[in-house]
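Worksheet: the structure to be examined is printed underneath.
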Amino acid sequence: MLRRRRDVKRMQVYLPIAGISVNALLILGMGGLVGFMSGLFGVGGGFLITPLLIVTGISPAVAVATGANQVVASSASAVLAHWRRGNVDFKMGAVLLLGGLAGSGAGVALYTWLRAAGNLDTAVAIAYVLLLGTVGGMMLVESARTMLRRARPTARRKLHQHTWLHGLPLKARFPRSRLYISVLLPFAIGLGVGVLTAIMGVGGGFIMVPAMIYLLGMPTGVAMGTSLFQIIFVTANVTFLQSVGNQTVDVVLAALLLAGGVVGAQFGSRLAWRLRGEQLRGLLALIVLAVGLEISVDLVAKPSDLFSIAGAPGGE
Amino acid sequence: MTATVKRRALAVVATLALAGLALAPSARAQQVVADLSRHLVGITTGFVGTEVLLFGATEGEGDVIVVVRGPDRRETVRRKARVGGIWVNTDEVAFPAAPSFYAVAASGPVGEIVSPRILWRHRIGTENLELRPVRPLDASDLAAFRDGLLRNKVRQGLYHDKPGRVTFLGNRLFRANLYFPANVPTGTYTVEVLLARQGQIVSAQTTPLLISKIGIGAEVYRFAHENSVFYGIFAIVMALAAGWIAGVIFRKG
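Structural data, given as structure tokens:
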């Protein structure tokens, strides 16, 4: 009891919901990093912020819910920057969002069913690894090919390949995305990502962006801007549901994160315009693969302690 | 009428006499008195953990052992095992009443002050905590889950596996610094001061200590729990406003 811990006493802030105190500068930095990624790739960054917060000792429940709140801010910041560049397809975003809302409803039901069946965490982690590995691998190969092709001057590539997907009914024009496709396609993508959002507690931008680029054939920049637009609504919904259902959103933590996040997002979206589409896709692919690798290591490596306590420390 | 009054008066006298008899020996046995520098630890926005001074006096020589316990709560411990090459939670055990905080301080090595039996009886030391699982377990599993719980609590800084120090000033006055980390759970704590002499606990005193959130932190906590719909809306509006403000500032810059 006498042994006083050597806490860094400066810049410590007590988080009322998380029930612990953290270094404010550290949290600002984390927010900045995730905001930067958000602006650069058009992803929310929920898949990054949650593990970062857990490492600092914040319970997973608070980390997931507060992470969503921070993503609202960094996406809003980044989407403004993209919007001024004309990189947001509002019509496409609305269709994706409708699918997303339907999907997250179905996802919650699936979540409850999986939880009752036991070992939800593992099922989610395996699904994650498979998905991230496939998406990341495909993107990496594609962007590498495009970069190589660019090195040698060849015939102009077609905007996108025509497949059976383009024969679906309910076709509509999406002028921003330069597409004339069935609304069922973006709706289905929104639906699938919505299911994932509910199960995994992430915005799903890192799956949404590749899907928009490769399945819909949207230009990389517009895919990113539109993804961000959509993520604002998804994460706002998550923030609200978590606040009401679990009281796990820590506004003090969120304020620190988003102060860093909104600034980072501006720098991120600025850098995004300097890079070419395939460079951005290649970088995003590398990050997606890295996250997939990290989760699979966690699954396979022996934990330092086989026993763990469930639930949050510091609560009532 | 008078009969009832008389009977009542008699009953009161008898009660007082009995109470006097009961109190007298315990008052004589009160050979240790102790108090805390404060009985309320307020968790404010700048809270980084705190120390509370415990001070007291003993009548005659002896050793002092201090046991600090946080409010009991249910803890669920999970065990991972390898299934088909990956590590998954395969088993879990709930302990319905585990102290949320536990620490011991003593004026000497506790094992030398009193016997292991007395340590067990007074729940001194993490190894002597009474932790009953909700369902019956065989001995080896119980030990494994128990140790797992203790290990995790020690790692969180909420259980102290090694006793702290109680220092004597002269041979009657003593003091100890009780440390509570930043992640200390809120609630009513008990600080038990035990006086040991010749291997026996001869006197004990228990003092409460309240740890609670105060100031802005407490307001935020109450807002989140009592008005969660508006709290959620507030959180979203704050996020949107911050994003919008950053967007406007950077356009000019």
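Chains as they are written, first to last, in our numbering: chain R, 36 to 351; chain Y, 1068 to 1320. Every residue, glycine too, gets a C-beta built ideally from N, C-alpha and C.
Identify, in the order they occur along the chain, each residue of the same chain with its Cβ nearer than 8 Å to the Cβ of Met46/R, setting aside the five sequence neighbours on each side. Asn58, Ala59, Leu60
Going by the CB atoms, is the gap between Arg1149/Y and Asn1156/Y shorter than 8 Å? no
Given a limit of 9 Å on CB to CB distance, which residues of the segment 320-347 of chain R reach chain Y? Ser331, Asp333, Leu334, Val335, Ala336, Lys337, Pro338, Asp340, Leu341, Phe342, Ser343, Ile344, Ala345, Gly346
With three or more beta-carbon pairs closer than 8 Å as the criterion, would you say the segment 274-282 of chain R touches the segment 1298-1312 of chain Y? yes
For Phe209/R, which residues does DSSP report across the bridge? Leu214/R
Mind checking Gln1097/Y: buried by the 16 CB within 10 Å criterion, or exposed? exposed
Three-state secondary structure (DSSP) of Glu1197/Y: coil
Along the alpha helix (DSSP H) that carries Tyr1288/Y, what are the first and last residues, could you check? 1282-1293
Closer than 7 Å, Cβ to Cβ, to anything on chain R: give me those residues from the segment 1162-1189 of chain Y, in chain order. Ala1170, Ala1172
Ala1249/Y (DSSP reduced to helix, strand or coil): coil
Specify whether the segment 169-177 of chain R and the segment 317-325 of chain R touch according to this definition: at least 3 beta carbon pairs, one from each stretch, less than 8 Å apart. yes
Would Asp1102/Y pass as a contact of Thr1274/Y if the rule is Cβ separation under 8 Å? yes
Around the Cβ of Lys1229/Y, are there at least 16 other Cβ atoms within 10 angstroms (buried) or fewer (exposed)? exposed
Chain-ordered neighbours of Val286/R on chain Y, where CB pairs are closer than 8 Å: Val1287, Ala1291, Tyr1298, Phe1301, Ala1302, Met1305
What are the residues in the segment 52-84 of chain R lying within 7 Å of chain Y by C-beta distance? Ile52, Gly54, Ile55, Ser56
Quick check: what's the CA-CA separation for Gln282/R versus Gln314/R? 41 Å
For Ser1104/Y, collect the residues of the same chain with a Cβ closer than 8 Å to its Cβ; drop the 5 residues on either side in sequence, then sort them by chain order. Val1119, Leu1120, Leu1121, Phe1122
Reducing DSSP to helix, strand and coil, say where Gln1223/Y ends up. coil
Quick check for students: name the residue ranges of the beta strand (DSSP E) that lie wholly in the segment 1144-1193 of chain Y, counting only runs of 3 or more. 1153-1166, 1169-1173
Using the Cα positions of Ser343/R and Gln1223/Y, report the straight-line distance between them to the nearest angstrom. 11 Å
Sequence-distant residues of the same chain with beta carbon closer than 7 Å to Ala223/R, five excluded per side: Gly134
With Gly74/R as the anchor, note down where its alpha helix (DSSP H) starts and where it stops. 59-76
Spatial neighbours of Thr232/R within its chain, please: C-beta separation below 8 Å, excluding the five flanking residues on both sides. Gly135, Gly138, Ser139, Gly142, Gly238, Gly239, Val269, Val273
Between Thr1112/Y and Ser56/R, what straight-line distance do the alpha-carbon atoms span, to the nearest angstrom? 8 Å
I want to verify the contact list: residues of chain Y whose CB lies under 9 Å from the CB of Tyr163/R, in sequence order. Those within 9 Å of Tyr163/R in chain Y number zero; the least Cβ separation is about 12 Å.
Whose CA, out of Val1099/Y, Asn1238/Y, Arg1242/Y, lies closest to the CA of Ala1172/Y? Arg1242/Y
Are the CB atoms of Glu1126/Y and Thr1143/Y nearer to each other than 8 Å? no
Determine, for Val48/R, whether the minimum Cβ-Cβ distance to residues of chain Y falls below 8 Å. yes
My assumption, with CB atoms under 8 Å, is that Gly296/R sits in contact with Gly66/R. Please give the rounded CB distance. 4 Å
Could one say the Cβ of Leu1216/Y lies closer than 8 Å to chain R's Cβ atoms, at least one of them? yes
Taking Cβ positions only, does Gly1310/Y come closer than 8 Å to chain R? yes
Report, in whole angstroms, the separation of the C-beta atoms of Val1099/Y and Val1131/Y, which I expect to be a contact under 8 Å. 7 Å
Can you confirm whether Gly1314/Y, when its beta carbon is compared against all beta carbons of chain R, has any partner nearer than 8 Å? yes
Beta-carbon within less than 7 Å of Ile242/R's beta-carbon, same chain only, minus the 5 sequence neighbours each way: which residues are those? Leu166, Val170, Val228, Leu231
Between Thr255/R and the rest of its own chain, which residues show a CB-CB distance below 7 Å, the 5 nearest in sequence each way excluded? Ile248, Gly312, Leu315, Arg316
Alpha carbon to alpha carbon, how far is Leu87/R from Arg1218/Y? 23 Å
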